[in-house]
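The numbering of the sequence shown is our numbering, which starts it at 109 and goes up by one.
Note that CB positions come from ideal geometry on N, CA and C, so glycine has one too.
Keep in mind the model is a prediction, meaning the values are calculated, not measured.
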Amino acid sequence: MAHRDSAANREVTLAIDGVPLQLNGFVKDVFQEVVVGLVRSLGDEDPQGRIELLVSAADSGNS
Numbered sequence: 109m110a111h112r113d114s115a116a117n118r119e120v121t122l123a124i125d126g127v128p129l130q131l132n133g134f135v136k137d138v139f140q141e142v143v144v145g146l147v148r149s150l151g152d153e154d155p156q157g158r159i160e161l162l163v164s165a166a167d168s169g170n171s
């Protein structure tokens, strides 16, 4: 994968409702490459900094 030099310096974590999930090396690499690639495509943002991505809870439809 491209940009491997920056990958070694990053920590990738995933949590659902605050509970951390165990990620294997492949999944960490995929998450990192996809998210950093998306940020890089925005053009104005520096993907070398800390990147935080939050996805809200799904609407259960029980309104």
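### Query
Mind checking whether R118 and Q140 have CB atoms under 8 Å apart?
yes
### Query
Taking V144 as the reference, which of L161, L122, N132, F134 has the closest Cα?
L161
### Query
What number of angstroms, rounded off, separates the C-alpha of D125 from the C-alpha of A166?
12 Å
### Message
At the level of alpha carbons, what is the spacing between V163 and V147?
### Response
16 Å
### Query
What residues in its chain sit with their C-beta under 6 Å from that of S114, if we drop five residues either side in the sequence?
Confidence in S114 is poor, its pLDDT being 49 and thus under 50, which makes the residue's placement unreliable; the coordinate value appears in the next sentence. Cβ within range, chain order: n/a, list empty.
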